[in-house]
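**Student:** I'd like to ask you about the structure that follows.
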Amino acid sequence: MARLNMVVVFLTVMVMAAAMQMQSTDAQKTHYVGGSTGWIIPTSTSAYTTWAASQTFTVGDTLVFNFTTGAHTAAQVKKAAYDACTTTNPIAVWTTGPSSVKLTSTGPHYYICTIPSHCNPLGQKVTINVVSAAATSPASAPSPTVTSSTGAPTPDISSIPSADAPGSTSTPGSAEAPGKSARSSASFVATALPFTFLSIAIMALFN
């Protein structure tokens, strides 16, 4: 009996750890600035503003500035420097492309290209607003049910969208960007881990 209790406790811990790992992995995203066009001189001065408005940036996410080394840079600056496109005293500068930036704090973040004329008047600059992970967690909603002729409630699956539903689109620079496969692999490993240990524990129990 003591051996069985140890197995149960061990499996419970492993399942909880796997669930936490999956939640952490799925919550973090990689945003490619500008989507498929990357970090370049935009065709419109509002291009990066439009792109940022389509994204949700959360603490723990990663920004990727995809640019050609020597042609562009990425610099994090304060708001005053951002508004004036001032390249002196930046918070941080990345000169090698592509460059990844981990978002570690909430609030507005300001980025510009420090190459002369790229920020002003050409508009190679972007502002993002980072929120906490708790602010983006979806609220749980009860599953809709219908009552069958026997009086037993049955799930209503008509409202569940198909994964291959026509008209579905992907937002450039977020979930469909490179790096998604790595997160998917991590989720798969985290899911498979408890079952692996369950098999080992059952084998040990009956040996």
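Going by mature numbering (1 follows the signal peptide of the UniProt record, and there is no 0), the letters in the sequence shown line up with residues -27 to -1, 1 to 180, in that order.
Using N, Cα and C, we set each Cβ at its ideal position, and we do this for glycine too.
1. Let me know the secondary structure DSSP gives Trp12 once reduced to three states.
2. Is it right to say Lys52 is buried, meaning 16 or more other beta carbons lie within 10 angstroms of its own, or is it exposed?
3. Hey, how far is the Cα of Asp56 from the Cα of Thr35?
4. Please state the DSSP three-state secondary structure of Val99.
5. Which residues in the same chain as Thr60 place their Cβ atom closer than 6 Å to its Cβ, once the five residues preceding and following it in sequence are excluded?
6. Taking the straight line between their C-alpha atoms, what separation do you get for Gln97 and Ser9?
7. Considering only their Cβ atoms, is the gap separating Thr77 from Val6 smaller than 8 Å?
8. Return the residue from the list Ser105, Thr23, Phe38 that minimises the CA-CA distance to Pro71.
9. Quick check on Ala25: buried or exposed, where buried means 16 or more other Cβ atoms within 10 Å of its Cβ?
10. Mapping the DSSP letters down to three states, classify Lys75 as helix, strand or coil.
11. If Ala48 sits next to Val66, beta carbons under 8 Å apart, how far is it from one beta carbon to the other, in whole angstroms?
12. Going by DSSP, what residues sit across from Ala47 in a beta bridge?
13. Given Val104, which residues of its chain have a CB within under 8 Å of its CB, disregarding the five upstream and five downstream residues?
14. CB Thr46 to CB Thr68, shorter than 8 Å?
15. Out of Gly11, Thr16, Ala54, Cys58, which has the shortest C-alpha to C-alpha gap to residue 229?
16. Could you check if Ala54 is buried or exposed, using at least 16 other CB atoms within 10 Å of its CB as the buried criterion?
17. Can you find a CB in chain C that lies within less than 8 Å of the CB of Gln28?
18. Kindly indicate which residue of Ala44, Thr22, Ile85, Gly43 has the alpha-carbon position closest to the one of Val50.
19. By a C-beta neighbour count over all protein chains shown, 10 Å radius and 16 as the cutoff for buried, is Pro81 buried or exposed?
**Tutor:** With the structure as the only source:
1. Per DSSP, reduced to three states, the secondary structure at Trp12 is coil, with no helix or strand assignment.
2. Classification for Lys52: exposed.
3. Rounded to the nearest angstrom, the two C-alpha atoms are 24 Å apart.
4. Reduced to three states, the DSSP call for Val99 is strand.
5. Counting only residues of its own chain and dropping the five nearest sequence neighbours on each side, Thr60 has a CB closer than 6 Å to the CB of Thr87.
6. Straight-line Cα distance between these residues: approximately 15 Å.
7. No. Outside cutoff.
8. Of Ser105, Thr23, Phe38, the residue nearest in Cα terms is Phe38.
9. By the neighbour-count rule (16 or more Cβ atoms within 10 Å), Ala25 is buried.
10. Assignment of Lys75 by DSSP, reduced to helix, strand and coil, places it in the strand class.
11. At roughly 4 Å, the Cβ-Cβ gap stays under 8 Å, so Ala48 and Val66 are in contact.
12. Per DSSP, Trp67.
13. Counting only Cβ-Cβ distances below 8 Å, and skipping sequence neighbours, we find Thr29, Phe30, Thr31, Val32, Thr79.
14. Against a cut-off of 8 Å, the Cβ pair of Thr68 and Thr46 comes out as a contact.
15. The chain is shown only over -27 to 180; residue 229 falls outside these bounds and no answer can be derived.
16. So Ala54 counts as buried.
17. The structure shown has no chain C; it contains just one protein chain.
18. Ranked by Cα distance from Val50, the first of Ala44, Thr22, Ile85, Gly43 is Ile85.
19. With fewer than 16 other Cβ atoms inside 10 Å of its own Cβ, Pro81 counts as exposed.
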